[in-house]
Amino acid sequence: MKQYDLVVVGAGIVGLAHAYEATLRGLKVGVVEKNNRCVGASIRNFGFITVSGQSKKDTWRRARYSREVWKSICDQANIPVLHRGSWVVCQRPEAVDVAQAFLKSDMGADCRLFTPAEFSSLGDHGFQNTQFLNLDTAQGLFYSPYEFRVESREAIPMLTEWLSSKHEVDFIWGTEVTDYDKTQVHTSQGSFLANKVVICPGAEMNGIAKQFISHHPISLCTLQMLRVRLDTNFRLPGSIMTDNSLARYLGWAELSEANELKKIIENEMPDYIKEGIHLIAVQSADGSLVIGDSHRYSNAESVFSDETIDEMIIGLLHKTLKYSDLRVIERWSGVYPSMIQQDALIEKVSNSLRVAIVTSGTGASTAFGLAKDNLDDWI
1 MKQYDLVVVG AGIVGLAHAY EATLRGLKVG VVEKNNRCVG ASIRNFGFIT VSGQSKKDTW
61 RRARYSREVW KSICDQANIP VLHRGSWVVC QRPEAVDVAQ AFLKSDMGAD CRLFTPAEFS
121 SLGDHGFQNT QFLNLDTAQG LFYSPYEFRV ESREAIPMLT EWLSSKHEVD FIWGTEVTDY
181 DKTQVHTSQG SFLANKVVIC PGAEMNGIAK QFISHHPISL CTLQMLRVRL DTNFRLPGSI
241 MTDNSLARYL GWAELSEANE LKKIIENEMP DYIKEGIHLI AVQSADGSLV IGDSHRYSNA
301 ESVFSDETID EMIIGLLHKT LKYSDLRVIE RWSGVYPSMI QQDALIEKVS NSLRVAIVTS
361 GTGASTAFGL AKDNLDDWI
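Residue numbers (UniProt numbering): 1 to 379.
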């Protein structure tokens, strides 16, 4: 019977992060995944590694650590970084107020806010492709240097292969964990010996993790995403967001200066608030954009897309970018576990068993930091 120091249940980004952190500690790791490959939120998201805008304290700290890990892994595993930096097109004076307040906080170090008078000279500061931003009525332009973007559907398999070949992590695919009895992990394909087990279920709330987390108020958030193709030579200067993001992401939204912006958006865009819509736009190597997203909360994934929501997302894109042609080439939905006022959960079931979940849709940005915190406290 094969034996591991740590068995990780789930091969999404939280599970992979735990596998990586465990190998740094010299542990023999096995990852058991019920599907034949990663099919969840980890490959359906933007691949947007985000620091600015993350909730202060633990989440922001974990994002900063995760960013450095991603940078190192991308170099070692030859995962392409498609663009760097993020921009928020501030379309209201109140959004500028939020950006200015953020710059004064510890989280705003090295970020910048450009005024309309400076828009025409952005190229002099070394920024490229800002001519594709619709700045005609913008009140300001916020820039953060911390973010970068990978193609999730490619990066996750490449990370998996790198963990297997470089760090000798065993991946057991198409296998469901059914039980754990302190020393043995029982699966649909047999059993393993394990000193410790961490369950990283992602949005799978009804598997083996359920008995350990059912007392937590976890819901599922479904979001709609699109891939669009714009004009042939269109290029983004980095990841793009708008006022709605400043009112939604807690690193900005928790600032007192954001209260007025939130009130205005609620009054002017009630349908967007109802569907949790804000804009993120990122670009792929083939020139297409991944855009989104919306947020619907329930106890199960919403399986049917709403065309009205897609049109609302595209409407925000049209106000934010300059292009003449748009064609939708892919649509899909993502789903992630969500908890109010708690960005992540580490459930300490016993000395040998834990459950780790990112409950804020920030797995790509914070998973390595969460895994480090968990193993530092446990191993």
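We treat Cβ as the ideally placed atom computed from N, Cα and C, and that holds for glycine.
Residue i - containing alpha helix (DSSP H), residue span
{"i": "E330", "result": "No alpha helix (DSSP H) holds E330; the beta strand (DSSP E) holding it covers R327 to S338."}
{"i": "W378", "result": "G363 to W378"}
{"i": "E151", "result": "Looking at the DSSP string, E151 is not in any alpha helix (DSSP H), and its letter there is neither H nor E."}
{"i": "K291", "result": "Here the sequence assigns Ile to residue 291, which means Lys is not the residue at that position. No alpha helix (DSSP H) contains I291, which is instead part of the beta strand (DSSP E) from L289 to G292."}
{"i": "L16", "result": "I13 to L24"}
{"i": "R44", "result": "A41 to R44"}
{"i": "I208", "result": "From DSSP, I208 is part of no alpha helix (DSSP H); its letter is neither H nor E."}
Beta-carbon spacing of residue i, residue j below 7 Å
{"i": "I49", "j": "F148", "result": "yes"}
{"i": "P201", "j": "T130", "result": "no"}
{"i": "residue 381", "j": "V328", "result": "Nothing about residue 381 can be read from this structure; the chain reaches only from 1 to 379."}
{"i": "G334", "j": "M225", "result": "yes"}
{"i": "A367", "j": "A17", "result": "yes"}
{"i": "A247", "j": "L261", "result": "yes"}
{"i": "T254", "j": "D97", "result": "One point to set straight first is that residue 254 is Glu, not Thr, in the sequence displayed. Taking 7 Å as the Cβ cut-off, E254 and D97 do not qualify as a contacting pair."}
{"i": "L113", "j": "F142", "result": "yes"}
{"i": "E347", "j": "I213", "result": "yes"}
{"i": "G53", "j": "W252", "result": "yes"}
{"i": "T175", "j": "S188", "result": "yes"}
{"i": "R62", "j": "G369", "result": "yes"}
{"i": "F171", "j": "V31", "result": "yes"}
{"i": "L250", "j": "S55", "result": "yes"}
{"i": "W162", "j": "E33", "result": "no"}
{"i": "S352", "j": "K210", "result": "no"}
{"i": "P337", "j": "I313", "result": "no"}
{"i": "D5", "j": "L27", "result": "yes"}
{"i": "C74", "j": "Q139", "result": "no"}
{"i": "A19", "j": "V7", "result": "no"}
{"i": "I208", "j": "V177", "result": "yes"}
{"i": "N134", "j": "L279", "result": "no"}
{"i": "G343", "j": "S360", "result": "Checking the displayed sequence, the identity of residue 343 turns out to be Asp instead of Gly. Yes, Cβ-Cβ distance for D343 and S360 is below 7 Å."}
{"i": "G85", "j": "P145", "result": "yes"}
{"i": "A77", "j": "M158", "result": "yes"}
{"i": "S219", "j": "Y297", "result": "yes"}
Residue i CB to nearest heavy atom of the ligand NAD below 6 Å
{"i": "E347", "result": "In the structure on display, the ligand NAD does not appear, and there are no ligands present to speak of."}
Range covered by the beta strand (DSSP E) that runs through residue i
{"i": "Q283", "result": "I280 to Q283"}
{"i": "V9", "result": "Q3 to V9"}
{"i": "R64", "result": "Taken as a continuous stretch (DSSP letters only), R64 belongs to no beta strand (DSSP E), being part of the alpha helix (DSSP H) at D58 to A77."}
Own chain partners of residue i with C-beta closer than 6 Å, once the 5 adjacent residues on each side are dropped
{"i": "G276", "result": "S294 and H295"}
{"i": "S42", "result": "G12, I13 and I156"}
{"i": "V69", "result": "F368"}
{"i": "K2", "result": "F192"}
{"i": "D306", "result": "none"}
{"i": "D179", "result": "H186"}
Opposing strand residues paired with residue i [DSSP bridges]
{"i": "D179", "result": "H186"}
{"i": "T162", "result": "Going by the sequence as given, residue 162 is Trp instead of Thr. Paired residues: none, contrary to the question."}
{"i": "G140", "result": "C90"}
{"i": "G30", "result": "V7 and D170"}
{"i": "N49", "result": "Going by the sequence as given, residue 49 is Ile instead of Asn. I49 pairs with F148."}
{"i": "F192", "result": "V185"}
{"i": "R354", "result": "V198 and K348"}
{"i": "R84", "result": "F148"}
{"i": "Y272", "result": "None; Y272 has no bridge partner."}
{"i": "S298", "result": "L220"}
{"i": "L321", "result": "L133"}
{"i": "L226", "result": "I291 and R331"}
7 Å Cβ shell around residue i - same chain, five flanking residues per side excluded
{"i": "Y323", "result": "L230, D231 and F234"}
{"i": "R354", "result": "V198, I346, E347, K348, N374 and W378"}
{"i": "L103", "result": "C111 and L113"}
{"i": "D106", "result": "none"}
{"i": "G40", "result": "G12, G202 and A203"}
{"i": "E94", "result": "E260, L261 and I264"}
{"i": "R64", "result": "V51"}
Contacts around residue i, its chain only, beta-carbon distance under 8 Å, and the 5 residues preceding and following it disregarded
{"i": "D310", "result": "Q224, L226, V328 and R331"}
{"i": "I265", "result": "D243, N244, A247, Y272 and I273"}
{"i": "S284", "result": "L82, E151, R227 and V290"}
{"i": "W60", "result": "V51, Q54, M107 and G251"}
{"i": "M339", "result": "H216, P217, I218, S219, L345, T359 and S360"}
Would you mind listing the alpha helix (DSSP H) stretches within the region 228-267 that are 4+ residues and don't spill past its ends, in chain order? 243-248 and 250-253
Within the region 88-125, ranges of the alpha helix (DSSP H) (whole runs, at least 4 residues): 93-103
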